[in-house]
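Sequential numbering of the sequence shown, starting at 230, is according to our numbering.
Working notes, structure below.
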Amino acid sequence: MEGKEGSNTRWLSKKANIPYPTLIKIESDTVTNPTLETITKIAAGLGVTLDELTK
């Protein structure tokens, strides 16, 4: 069974239209410099602005 964190990541993956493995890499700091497009999609998926996301 997948933990709550994995469920949240899968939800965001679908909401932001970003591949699940990409989000896992960002969360685990494997990807340390995601593209602006990816960050924008994450913000939109969470329903926040880029400014709010990066604070």
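Every residue gets a Cβ at the ideal spot worked out from N, C-alpha and C, and that includes glycine.
Your pair residue 271 and residue 247 checks out as a contact, with CB atoms roughly 7 angstroms apart and the cut at 8 angstroms. With 16 or more other Cβ atoms inside 10 Å of its own Cβ, residue 238 counts as buried.
At the C-beta level, residue 274 and residue 254 stay beyond 8 angstroms of one another.
Taking a C-beta distance under 8 angstroms as the contact criterion, residue 252 and residue 265 do not qualify as a contact pair.
If you draw a straight line from the Cα of residue 249 to the Cα of residue 236, it comes to about 10 angstroms.
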